[in-house]
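Below is one structure, written out as structure tokens; comments come after it.
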Amino acid sequence: MKKTLLLTIDFPPHTGGVAHYLSALADFYSKEIVVIAHPVFGEKESDQIRKGKVIRQSLFFRFVWPKWSKTLFLLLKNNEYHQILVSHVLPLGTAAYFAKLITKKPYLVIVHGMDIRLAKQFFWKRFLVGLVLRGAKLVITNSIDLQTEVERSFRVKKTVVLYPCLTHINQCLQKIPHKGIRLLTVSRLVARKGHLRVLDALIKLKESQKLKDITYTIIGYGEMKTLLQKKIDAQGLQNSVQIHSSITDEELAQWYAKSDIFIMPVVHDLVDKEGFGLVFLEAALFGLPSITTNMPGVDEAVIDHQTGLLLEDGDISALAQAILNLAQNRELRDQLGTQAADRAKKVFSCEKQFEVLKPYL
Numbered sequence: 006m007k008k009t010l011l012l013t014i015d016f017p018p019h020t021g022g023v024a025h026y027l028s029a030l031a032d033f034y035s036k037e038i039v040v041i042a043h044p045v046f047g048e049k050e051s052d053q054i055r056k057g058k059v060i061r062q063s064l065f066f067r068f069v070w071p072k073w074s075k076t077l078f079l080l081l082k083n084n085e086y087h088q089i090l091v092s093h094v095l096p097l098g099t100a101a102y103f104a105k106l107i108t109k110k111p112y113l114v115i116v117h118g119m120d121i122r123l124a125k126q127f128f129w130k131r132f133l134v135g136l137v138l139r140g141a142k143l144v145i146t147n148s149i150d151l152q153t154e155v156e157r158s159f160r161v162k163k164t165v166v167l168y169p170c171l172t173h174i175n176q177c178l179q180k181i182p183h184k185g186i187r188l189l190t191v192s193r194l195v196a197r198k199g200h201l202r203v204l205d206a207l208i209k210l211k212e213s214q215k216l217k218d219i220t221y222t223i224i225g226y227g228e229m230k231t232l233l234q235k236k237i238d239a240q241g242l243q244n245s246v247q248i249h250s251s252i253t254d255e256e257l258a259q260w261y262a263k264s265d266i267f268i269m270p271v272v273h274d275l276v277d278k279e280g281f282g283l284v285f286l287e288a289a290l291f292g293l294p295s296i297t298t299n300m301p302g303v304d305e306a307v308i309d310h311q312t313g314l315l316l317e318d319g320d321i322s323a324l325a326q327a328i329l330n331l332a333q334n335r336e337l338r339d340q341l342g343t344q345a346a347d348r349a350k351k352v353f354s355c356e357k358q359f360e361v362l363k364p365y366l
């Protein structure tokens, strides 16, 4: 296999979907991929436990424009690699594009939905992204929906879908017995994740008195925490809703194991759209069915009436009814949860997903 340089500004110890995605890829192909990542706080401890080689190097100039030209100079100076893999079409893809013009060495691009949609808002960015993507040896997307958007919007022909994968597929805890129904959301506390929608649905259920023994746990951190807590307090939900922002991986696994339903009714956003949702699959490993919004990309992570329930965007009444239906129907809840776990293990293992890239590395 060829030696591939992975250039990224989003890599552990950063958390989040992109960092997880690239971390799993670099570990799987640790003999073929050398990571060059932007320096961050906590890098030393993180890099020491990695399977492959990680080089920390600043990828941008502070006072020289364009700042990404530092990455270009790095690529021109380093002649030991065979090809480049970049995880952000702008600006790192730009450096790879110009390096190829000089060195003739190919590059692959991993694109993310927000990168593409932001680029489409400005003519010059759209033009530049088109050049970068069409010049790539391969364009990698994390969903069929994004693949279709890239092919149509930028006339790209060489694409492949590489879904996020589950790295701890055989390390799930057995379900922990408990009373009542427990809902769980694990995400950043930002508006598009739909936490407020869940609270509104719980208020409806509380008013109707159709479902009394129910709790909702939110795990995550972000800008919405204060607003969420204020709403919880204002609506008298303190005894049934709680937020945890700092927990260990072991504690997170326990929360999955003692929950019944994973719920994240994401908000449709034309730019910052939920592109897929690895967290739905992580919940599925613990046998949890998901309730979420029927959106392209998300509907590839959750299959309606097979691994969870997909609802119309913003329909709070339907959300409340979906919670009620799964809460009151143990047989349906278990069926969806079992099917979700089976699909997650069968389709989304790293071995199965990353095998797609083997011909290109």
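Heads up: the sequence shown begins at 6 in our numbering, then just goes up one per residue. Note that beta-carbon positions come from the ideal geometry of N, C-alpha and C, so glycine has one too.
Just to confirm before moving on: does the CB-CB distance between residue i and residue j stay below 9 Å?
i           : j           : result
residue 41  : residue 60  : yes
residue 229 : residue 273 : no
residue 332 : residue 257 : no
residue 248 : residue 223 : yes
residue 191 : residue 66  : no
residue 168 : residue 360 : no
residue 221 : residue 251 : no
residue 92  : residue 13  : yes
residue 236 : residue 242 : yes
residue 362 : residue 25  : no
residue 109 : residue 158 : no
Measure the alpha-carbon distance for residue i versus residue j and round it to whole angstroms.
i           : j           : result
residue 130 : residue 74  : 17 Å
residue 214 : residue 23  : 41 Å
residue 127 : residue 344 : 43 Å
residue 77  : residue 358 : 30 Å
residue 315 : residue 80  : 45 Å
residue 82  : residue 16  : 23 Å
residue 199 : residue 271 : 5 Å
residue 144 : residue 39  : 19 Å
residue 239 : residue 279 : 29 Å
residue 203 : residue 352 : 29 Å
residue 319 : residue 155 : 27 Å
residue 317 : residue 101 : 41 Å
residue 27  : residue 86  : 19 Å
residue 212 : residue 197 : 25 Å
residue 3   : residue 35  : Residue 3 is absent from the structure shown; the chain starts at 6 and stops at 366.
residue 327 : residue 348 : 22 Å
residue 335 : residue 309 : 17 Å
Cutting at 7 Å between CB atoms, please list the residues of its own chain near residue i, excluding the five before and the five after it.
i           : result
residue 105 : 111, 112 and 140
residue 354 : 170, 171 and 174
residue 307 : 285, 295, 297, 313 and 315
residue 346 : 289, 290 and 292
residue 182 : none
residue 99  : 73, 133 and 137
residue 455 : A question about residue 455 goes unanswered here, because the residues of the chain that appear run from 6 up to 366.
Identify, in the order they occur along the chain, each residue of the same chain with its Cβ nearer than 6 Å to the Cβ of residue i, setting aside the five sequence neighbours on each side.
i           : result
residue 94  : 114, 116, 120, 134 and 137
residue 166 : 146, 149 and 152
residue 33  : 355 and 359
Residue i and residue j look like a contact to me (Cβ under 8 Å); what is the Cβ gap, rounded to whole Å?
i           : j           : result
residue 175 : residue 281 : 22 Å between Cβ atoms; not a contact.
residue 194 : residue 233 : 7 Å
residue 260 : residue 189 : 6 Å
residue 142 : residue 88  : 7 Å
residue 210 : residue 325 : 5 Å
residue 31  : residue 47  : That belief does not hold up - the Cβ atoms of residue 31 and residue 47 are roughly 17 Å apart, past 8 Å.
residue 254 : residue 338 : Not a contact, Cβ separation roughly 26 Å.
residue 71  : residue 45  : At roughly 22 Å, the Cβ-Cβ gap does not stay under 8 Å, so residue 71 and residue 45 are not in contact.
residue 8   : residue 37  : 7 Å
residue 90  : residue 10  : 7 Å
Under three-state DSSP, which class holds residue i?
i           : result
residue 359 : helix
residue 54  : coil
residue 42  : strand
residue 179 : coil
residue 146 : strand
residue 102 : helix
residue 64  : coil
residue 152 : helix
residue 267 : strand
residue 354 : strand
residue 160 : coil
residue 249 : strand
residue 234 : helix
residue 172 : coil
residue 187 : strand
residue 366 : coil
residue 259 : helix
residue 224 : strand
residue 282 : coil
residue 309 : strand
residue 203 : helix
residue 20  : coil
Grab me the residues of residue i's own chain with a C-beta within less than 8 Å of its C-beta, minus the 5 sequence neighbours each way, in chain order.
i           : result
residue 180 : 262, 263, 291 and 292
residue 218 : 184, 185 and 186
residue 63  : 43, 44 and 75
residue 321 : 202, 205, 206 and 209
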